[in-house]
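Colleague:
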Amino acid sequence: MQQLLEEITQQLALETERGKVADYIPQLAEVDPHQFGISLATVEGERFSAGAAATPFSIQSISKVFTLTMGLGKLGDGLWTNVGREPSGDPFNSIVQLEHENGKPRNPFINAGAIAVVDAIMMGHEPRETLAELLSFVRYITDDQSLYFDHQVAASEMAHKDRNASLAHFMKAFGRLRHDVDKVLGTYFHQCALAMSCDQLAHAGLFLASDGVNRPSNLRVVSPQRARRINSLMMMCGHYDASGEFAFRVGLPGKSGVGGGILAIAPGRGSLAVWSPGLDEYGNSLLGARALEMFVQRTGWSVF
Ligand code: DON
519 MQQLLEEITQ QLALETERGK VADYIPQLAE VDPHQFGISL ATVEGERFSA
569 GAAATPFSIQ SISKVFTLTM GLGKLGDGLW TNVGREPSGD PFNSIVQLEH
619 ENGKPRNPFI NAGAIAVVDA IMMGHEPRET LAELLSFVRY ITDDQSLYFD
669 HQVAASEMAH KDRNASLAHF MKAFGRLRHD VDKVLGTYFH QCALAMSCDQ
719 LAHAGLFLAS DGVNRPSNLR VVSPQRARRI NSLMMMCGHY DASGEFAFRV
769 GLPGKSGVGG GILAIAPGRG SLAVWSPGLD EYGNSLLGAR ALEMFVQRTG
819 WSVF
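Start counting at 1 in the sequence shown, then tack on 518, and there's your number in the working numbering.
1. How many angstroms separate the CA atom of residue 733 from the CA atom of residue 658?
2. Measure the Cβ-Cβ separation of residue 554 and residue 774 and say whether it is below 9 Å.
3. Taking 9 Å as the threshold (C-beta atoms), are residue 689 and residue 616 in contact?
4. So what does residue 793 bridge to, in DSSP terms?
5. Assess, as a yes-or-no matter, whether the stretch 678-696 is touched by the stretch 555-574 under the definition of 3 or more beta carbon pairs within less than 8 Å.
6. Taking just the CA atoms, how far does residue 767 sit from residue 586?
7. Sorry if obvious, but does the Cβ on residue 797 come closer than 8 Å to a heavy atom of the ligand DON?
8. Which residue from 771, 701, 680 puts its Cα closest to that of residue 643?
9. In this structure, how does DSSP classify residue 607 when only helix, strand and coil are distinguished?
10. Using only CA atoms, which one of 723, 709, 731 lies nearest to residue 782?
11. Between residue 678 and residue 542, how many whole angstroms is the CB-CB distance? I'm expecting something under 8 Å.
12. Would you report the Cα separation of residue 537 and residue 623, rounded to the nearest angstrom?
13. Keeping to the same chain, check which residues put their C-beta closer than 7 Å to that of residue 614; ignore five residues upstream and five downstream.
14. Could you tell me which residues DSSP puts in a beta bridge with residue 571?
15. Thinking residue 719 and residue 632 are a contact (beta carbons under 8 Å), I'd like their distance in whole angstroms, please.
16. By how many angstroms is the C-alpha of residue 813 removed from the C-alpha of residue 544?
17. Measuring from the CB of residue 543, is there a heavy atom of the ligand DON at a distance below 8 Å?
18. In chain order, what residues of the same chain have a beta carbon less than 8 Å from the beta carbon of residue 750, not counting five sequence neighbours either side?
19. Considering only their Cβ atoms, is the gap separating residue 578 from residue 711 smaller than 9 Å?
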């Protein structure tokens, strides 16, 4: 495995077409697109990594997997009252379906859906309380107390919030959000600004690869059924309007972020994190998806 990750890293280092870093969040536009990291954590407890796997980056939408997990923990199936579980076939920040569908976002991974999940987990609390809860959850599943929110990234997104603010206000008009829109957005932007390395992210995903059980503590995070359901949502919706393409090429539940990271789960085997900041036209990591495709071709680790 170690050799495979190194080969993938070396091969992709030669790549000149690396995609385009996200620039609608100015802080992300400054990230060097030549960085690449890959990390694998297996359910047996082995760790492999190559490239810049220890460098923290902005996990952005990958954080939606963690808030979804928290939301299901707090509300159970009640979470589905204000968010659906169908692929949207539209870009991550699209507003079009909200108007026709009573302000109910299609799934928890598009921005509107993730904003609805944040509203649901706030449960009348202040943003800092919800964020503290999120941070302790992620520190627990990574077994790493050093995780932090990058406040500069959050502030940068807050200063350019118009698109997400529109989604939130629109949903609020349909009665889908309970809390003050600015508080929901402030919480959401900090959630997206979680900084994690590939090593930390691969560790965080392990519970989804091992029927809901955290490793190495062996403590249960979610039931096996819930782990399967979260994985199914990642497979169907984790790459937005490119989810079909990702399933076709990689065949693993995956969640991308505009920071250039992808978390991919190989159920029963392990959790993989890749990072390459350049994005494709859908806002997903160009070389990250390529790396996962190479990994799956060599290992056969697809769910199909
Ligand atoms: O709300 C946003 O636009 C960002 N904080 C997150 C979007 C994102 O990561 C889309 N993923 N590829």
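Beta carbons are placed, not taken as given, at the ideal position from N, Cα and C, and that holds for glycine.
Modeller: By the coordinates alone:
1. 10 Å
2. no
3. yes
4. 555, 779
5. no
6. 25 Å
7. yes
8. 701
9. coil
10. 723
11. 6 Å
12. 28 Å
13. 608
14. Answer is none; residue 571 lacks a bridge partner.
15. That pair is no contact at about 17 Å.
16. 32 Å
17. yes
18. 771
19. yes
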